[in-house]
Amino acid sequence: MELNGLSTDQAPPISAPLRFYVTAPLFAIIAGFMMLFSQADVLMSRYSLDSIVITHALTIGFLGFVMLGSLTQMLPVLAGVKIPKVDTISKISYISLVAGTIFMLLGLKYEAYIFNTLAMLLLSFGFVMMISVIAMAILKVKNFNATVKAMSVSLVFGAFTVLMGLFLLYTYIDNEYAQYRNVVANIHSVWGIFGFGGILIIGVAFQVLPMFYVAPRFKQFCKKRVVLLISVGLVIWLFSNVFADTYSFIAKAWIALFFWAFATTVWRKLTQRRRPISDVTVWYWRVASVFLTLGSFLWIFDEYFKHEYIVVVAILLGGGFILSIMVGMLYKIIPFLVWFHLNAMGYMSIPTMNEMINKNLAKVQFFLFIASLVGFVFAFYIPILLKISALSFIVSMAILQYNVIAPILIYKRVKKTKPDFDMSAFTIK
Amino acid sequence: MSTIKEYLTADHSRCDEFFAIMEDKANTSIADAKSAFEEFAQATERHFQMEERVMFVEFEAKTGMTEGPTAMMRHEHAQMRNLIKQMGEAIESEDKDKFFGLSETLMILMQQHNMKEEQMLYTMAQQHLSAESPRVVDMMESMIVE
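Encoded structure:
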């Protein structure tokens, strides 16, 4: 069994990423129900409490959890560094993040001081712990490639997003600072979407598109400069937004332009890919690039419409771009992890990746999800669409939950029944 | 003359190319994919052996690390050989679903394996074996697959 330790030694235990992945759809389902019982005109304002609560069920509960889970898994493979005590730390921070998120949703929804306070403590503890161990691991990296660089930059934006978020939560506990709320909230959301989520996805795309689809590699210019150019844009935007708002559209156009360029590059690379297979994950990348393009342009034009469309921008970018890619990637990562860990234990007759998630169910999930996004956008004009779209979203996330759990059940079953145990393939000649 | 890192990294891309051709053929007709599969299997086996019989041996001799990264890479080679064998069986029995299930799994396993090699092992090998680099590449190139 000595060989067993070789790959599991480097990869984190399967439970570290999986606990985050299993929980993510659950928060999305909660968000779906809150949308179902909310009113379209209330959700049209980005600063209404309902909007804030729903947004954070998705951004912390889904996006944040998937990102943290993935970072624990990707850093060892991409950068060759282990996160110190990954199992214990991810477990502790997971518990405090789950509890913190729930308290925050309840605290904001019912304006309960005690819940908000608990949420602040738990979320800061969970995030600080996770971000600092990931940062410590990154500091040990010897060979930085474009993806690891992007991850590090994304983590910096992530840390600021979290800090601003904690401050914002504090303004609901102590009203004294409430006057800064809207300014900070705006920066918090822009840095969160473009800096934390967007840059992480760009970095991951550098690896994932050539790797999963044998698409052409990204040009050196993209890999070396784009993250830096976007980061500079985000910092300039921050200052112009606070001190010279009339000019902030220039920085916005700068940021949006690079994301649009990224979106078209993704589309082209997928068209030029060498693998003929077109599965639901390819579809997710494709629609994500369409939503990213639409969202980026609308974000600029929104400037000229007194920010009337900012909620639509959030749906296009947060849901259409970031959420889409994360769901798509879950469909690849989870079956692979299950296969990889079982295989490393010596089990040979295990289902292949394609047999772990029902393809048709994944397609149904995809269509319901996309339909709900389109519905949410048009609910802006036709309020009745909100309920139907929320239902479609709930069902799609419930299917996602099932699709995430199915491979995990296979993992448990194989471990329990031990169908065969064959290490002969590993005998060294 | 390319360095060890450049030589083996280029060979990864060569194998990827054979992989893509194989899948392309199998997608049109699984029965006609046999020769493309064999080309891919041979190219990959050659790559494994260039590492296992030449580069890893030199690396282990130089660094004394026999239980470290090379042992892990050998282990993953075994995992991949097993999948490739099963893919051959799927082609024989013309089971397209089985074949693509296996090829999908192999693809990700192979890519994350290549990434670890390119990011870490090859870089380490290049550092430790910089003086012997031309000789090692020469040996890999002239090696006859067993």
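These protein sequences, in sequence, are chains A and B. Under this note's numbering, the first residue of the first sequence carries the number 96, and numbering increases by one thereafter. Under this note's numbering, the first residue of the second sequence carries the number 13, and numbering increases by one thereafter. Glycine included, every Cβ here is placed at the ideal spot set by N, Cα and C.
Residue i - DSSP class collapsed to helix/strand/coil
i, result
"A:I410", "helix"
"A:M96", "Bear in mind that a pLDDT of 27 at A:M96, under 50, signals an unreliable position, so the number given afterwards is only what the model happens to contain. Note: A:M96 maps to coil in three-state DSSP."
"A:A111", "helix"
"A:Q134", "coil"
"A:P502", "helix"
"A:F354", "helix"
"A:S91", "Past the boundaries of the shown model lies residue 91 of chain A; chain A is included only from 96 to 524, so the question cannot be answered."
"A:R381", "helix"
"A:P311", "coil"
"B:T78", "coil"
"B:R86", "helix"
"B:L141", "coil"
"B:M155", "coil"
"A:R369", "coil"
"A:A339", "coil"
"A:Y442", "coil"
8 angstroms Cβ cut-off: residues of chain B touching residue i
i, result
"A:L173", "M127 and Q131"
"A:K427", "I120"
Which listed residue (the options) has its alpha carbon closest to that of residue i
i, options, result
"A:V406", "A:G195, A:Y399, A:L418 and A:L393", "A:L393"
"A:N498", "A:A111, A:L121, A:K482 and A:A280", "A:L121"
"B:T15", "B:I156, B:M136 and B:A32", "B:M136"
"A:G441", "A:N455, A:S373, A:K513 and A:T266", "A:K513"
"B:E158", "B:G113, B:K17 and B:T56", "B:T56"
"A:Q302", "B:G80, B:S154, B:M127 and B:T117", "B:M127"
"B:K110", "B:K17, B:D28 and B:N39", "B:N39"
"A:L261", "A:H151, A:I294 and A:S326", "A:H151"
"A:V117", "A:F222, A:Y426, A:G221 and A:L481", "A:Y426"
"B:K46", "B:S105, B:R147, B:Q131 and B:D150", "B:S105"
"A:G175", "B:M34, B:D44, B:M152 and B:L133", "B:L133"
"A:V309", "A:A194, A:V377, A:Q274 and A:F291", "A:V377"
"B:H87", "B:H140, B:L114, B:G100 and B:F68", "B:F68"
"A:W355", "A:T388, A:K347 and A:R370", "A:T388"
"A:K510", "A:Q496, A:N449 and A:W434", "A:W434"
"A:P171", "A:A409, A:S444, A:L234 and A:I372", "A:L234"
"B:S41", "A:P371, A:V236, A:K186 and A:W362", "A:P371"
"A:G159", "A:V148, A:L216, A:D340 and A:G287", "A:G287"
"A:S487", "A:P108, A:A123 and A:R114", "A:A123"
Per-residue contacts from residue i into chain A (C-beta, under 9 angstroms)
i, result
"B:F112", "I372, T447 and N449"
"B:A143", "In chain order: nothing, as chain A lies at least about 21 angstroms away."
"B:A32", "V309, R368, R369, R370 and P371"
Residue environment, residue i, which counts as buried when at least 16 other CB atoms sit within 10 Å
i, result
"A:K507", "exposed"
"A:T167", "buried"
"A:R368", "buried"
"A:T256", "buried"
"B:S25", "exposed"
"A:P179", "exposed"
"A:T359", "exposed"
"A:L200", "buried"
"A:L329", "buried"
"A:E97", "Caution applies to A:E97, whose pLDDT of 31 falls short of 50 and renders its modelled position unreliable; the value that the coordinates give is listed next. Exposed, by the Cβ-count rule."
"A:S102", "In this prediction, A:S102 has a pLDDT of 44, which is less than 50 and means its spatial position is unreliable; nothing more can be read from the coordinates."
"B:H89", "buried"
"A:N529", "Residue 529 of chain A cannot be examined here, being either before or after the span of chain A that is shown, 96 to 524."
"A:Y275", "exposed"
"A:K524", "Low confidence applies to A:K524: its pLDDT is 42, below 50, so where it sits in the model is not reliable enough to give any reading."
"B:L114", "buried"
"A:I56", "Any answer about residue 56 of chain A is impossible in this case: the structure gives chain A only from 96 up to 524."
"A:A273", "exposed"
"A:S191", "buried"
Pair within 9 angstroms by beta-carbon distance, residue i and residue j
i, j, result
"A:I494", "A:L463", "yes"
"A:P305", "A:F316", "no"
"A:I452", "A:I428", "no"
"A:V459", "A:G423", "no"
"A:L163", "A:M246", "no"
"A:I395", "A:V337", "no"
"A:I268", "A:Y208", "yes"
"A:A547", "A:V223", "The question about residue 547 of chain A has no answer here: the residues shown for chain A are numbered 96 through 524."
"B:E70", "B:T78", "no"
Beta-carbon neighbours of residue i, restricted to chain A and to distances below 7 angstroms
i, result
"B:M92", "Neighbours of B:M92 on chain A: none; closest Cβ ~10 angstroms, over 7 angstroms."
"B:D36", "P371"
"B:T135", "N238"
"B:Q124", "V172"
Chain E within 9 angstroms of residue i, Cβ atoms only
i, result
"A:W378", "Any reference to chain E falls outside this structure, whose protein chains are A and B."
Chain A contact residues for residue i, given Cβ-Cβ distances below 8 angstroms
i, result
"B:E116", "I372, T447, M448 and N449"
"B:D28", "V309 and R369"
Chain-ordered neighbours of residue i on chain B, where CB pairs are closer than 7 angstroms
i, result
"A:N438", "Q91"
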